[in-house]
Amino acid sequence: MFTEVERLKISLDRETVKWIDERVALKQFADRSEAIEYALKTLRSSDGVHPFDGAV
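Those letters in the sequence shown? Residues 306 to 361, by the numbering used here.
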């Protein structure tokens, strides 16, 4: 089943991009988009605790 997607442009710090690229190279994720989508889905399914101070 095809899920409709929307293209976005985001900004991330270099260390985060480096970490994502390393995981893609290790075949943990197919590409950057998959890694970011996985992270967001994981956060959404968490118990609501935010990993960053001051997050709303």
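All residues carry an ideal CB built from backbone N, CA and C; glycine is no exception.
Just so it is clear, the structure is predicted and the values come from calculations on it, not from any experiment.
Euclidean distance between Cα positions of R319 and S350: Just so you know, the alpha carbons of R319 and S350 end up roughly 26 Å apart.
Under the three-state DSSP convention, the category V310 falls into: Here V310 sits in coil by DSSP.
message: Here's the rule: buried if 16 or more other CB atoms are within 10 angstroms of the residue's CB, otherwise exposed. What is I325?
response: It is buried - the Cβ of I325 has at least 16 other Cβ atoms within 10 Å.
query: Would DSSP call A335 helix, strand or coil?
result: The answer is coil: DSSP assigns A335 none of H, G, I, E or B.
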